[in-house]
Amino acid sequence: RKEVEQDPGPFNVPEGATVAFNCTYSNSASQSFFWYRQDCRKEPKLLMSVYSSGNEDGRFTAQLNRASQYISLLIRDSKLSDSATYLCVVKGDSNYQLIWGAGTKLIIKP
Amino acid sequence: DGGITQSPKYLFRKEGQNVTLSCEQNLNHDAMYWYRQDPGQGLRLIYYSQIVNDFQKGDIAEGYSVSREKKESFPLTVTSAQKNPTAFYLCASSVGQGREQYFGPGTRLTVT
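For the protein sequence lines, the chains are A and B, in the order given. So for the first sequence, this note's numbering puts the first residue at 19; every next one is plus one. So for the second sequence, this note's numbering puts the first residue at 288; every next one is plus one.
In C-alpha cells:
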C-alpha cells in the first residue's frame, strides 16, 4: 500500500458545481496534512493546511478523518481557474519529511 | 519580494556530463529540499538540509550531490552516475520541521 494515495482522475466537472476528493494515508501517527495545487508544468503551491477540526478558506473546505485515515478537499462553486492537479501531502516519520501523493487532476468545463 | 529562485528553467545536457542546478531563497528559512517529479508520480525527495553545512539523503539520493555553504543557497549536482536524470527538479524551503514547504519554479532537465 502506498503511503499516500489519491484517485488520479481526471474529474471533469461543470463550472459552478461542487466537487470533492479524498486522499488516504497509511501512517496513523501522521500529524501534519496539507493540500497543494499544481498547474501544468509549474511548481506546487500551498492551498491549505488541514487541521483536526477541519478548516475553510473561501470556497475550499478541508477535513481530516483520523479514524479512517483520510483527508478530503471540497471545492464549492467551481471556477475555470480551479482546473489543476491537487496534491495531498502528509508529514512522514522524520521531522522534515513530507510524503506526497501523485495528485488528482481536476478539469472544470464551461 | 521574498521567494525561491531556481535557474535555469530548462537545461539540456549530454549523457555523461555532470550538471548543477541552482536554488536560492530569501525567506530566511532554515530547511531546504530537493525533489524530482516524473509524470504521473508524486514528488520524491532527493536531499534535504536542516541547517548550514549539514544535509541528509532522501529517498532517491543515488547519483546526486548537494552542498549547503550558505543559508540562502542549496545547489544540486546531477552526476553522470544518475541513471535516469531527465525529470522536473523542484527546490523547496520551510521555516521548520514538518511545516509547509514553499517551492521555486523548477528546472526541467533533459539528458540525451
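Backbone N, C-alpha and C fix where the C-beta goes; we use that ideal spot for every residue, glycine too.
Could you tell me the distance, in whole angstroms, from the CA atom of residue i to the CA atom of residue j?
i                      : j                      : result
residue 337 of chain B : residue 375 of chain B : 23 Å
residue 354 of chain B : residue 35 of chain A  : 48 Å
residue 339 of chain B : residue 317 of chain B : 8 Å
residue 397 of chain B : residue 294 of chain B : 14 Å
residue 391 of chain B : residue 128 of chain A : 31 Å
residue 63 of chain A  : residue 302 of chain B : 32 Å
residue 102 of chain A : residue 328 of chain B : 15 Å
residue 307 of chain B : residue 115 of chain A : 23 Å
residue 304 of chain B : residue 395 of chain B : 16 Å
residue 25 of chain A  : residue 74 of chain A  : 22 Å
residue 61 of chain A  : residue 55 of chain A  : 9 Å
residue 97 of chain A  : residue 20 of chain A  : 31 Å
residue 38 of chain A  : residue 65 of chain A  : 15 Å
residue 365 of chain B : residue 91 of chain A  : 36 Å
residue 349 of chain B : residue 100 of chain A : 37 Å
residue 367 of chain B : residue 67 of chain A  : 38 Å
residue 324 of chain B : residue 377 of chain B : 8 Å
residue 32 of chain A  : residue 370 of chain B : 43 Å
residue 40 of chain A  : residue 88 of chain A  : 7 Å
residue 43 of chain A  : residue 111 of chain A : 13 Å
For residue i, does the count of other Cβ atoms within 10 angstroms reach 16, so buried, or fall short, so exposed?
i                      : result
residue 131 of chain A : Outside the displayed span of chain A (19 to 128) sits residue 131 of chain A, for which this structure offers no information.
residue 420 of chain B : Residue 420 of chain B is absent from the model: chain B starts at 288 and stops at 399.
residue 399 of chain B : exposed
residue 382 of chain B : exposed
residue 372 of chain B : buried
residue 48 of chain A  : buried
residue 289 of chain B : exposed
residue 380 of chain B : buried
residue 125 of chain A : exposed
Output the boundary residues of the beta strand (DSSP E) element that contains residue i.
i                      : result
residue 332 of chain B : 331-338
residue 323 of chain B : 318-324
residue 69 of chain A  : Note, residue 69 of chain A: premise wrong, no beta strand (DSSP E); not H, not E.
residue 127 of chain A : 122-127
residue 312 of chain B : 306-312
residue 30 of chain A  : 29-32
residue 291 of chain B : 291-294
residue 378 of chain B : 374-381
residue 384 of chain B : Run containing residue 384 of chain B: none; DSSP gives neither H nor E here.
residue 343 of chain B : 341-344
residue 38 of chain A  : 37-43
residue 397 of chain B : 394-398
residue 61 of chain A  : It is not in any beta strand (DSSP E) - residue 61 of chain A carries neither H nor E in the DSSP assignment.
residue 352 of chain B : 351-353
residue 24 of chain A  : 22-24
May I ask you to check if the CB of residue i is nearer than 6 Å to at least one heavy atom of the ligand ZN?
i                      : result
residue 120 of chain A : For the ligand ZN, the structure offers nothing, since it holds no ligand at all.
Evaluate the contact criterion for the segment 119-126 of chain A versus the segment 74-89 of chain A: three or more CB pairs, one atom per stretch, below 8 Å. no
Just list the beta strand (DSSP E) runs in the segment 76-119 of chain A, keeping only unbroken ones of 3 residues or longer that don't cross its boundaries, in chain order. 78-83, 88-93, 102-109, 116-118
Is the segment 100-109 of chain A in contact with the segment 294-304 of chain B, if contact means three or more CB pairs nearer than 8 Å? no
Pairs of beta-carbons, one from the segment 326-333 of chain B and one from the segment 347-365 of chain B, closer than 8 Å: are there three or more? yes
Check whether the segment 359-369 of chain B and the segment 297-312 of chain B touch, using three or more Cβ-Cβ pairs below 8 Å as the test. yes
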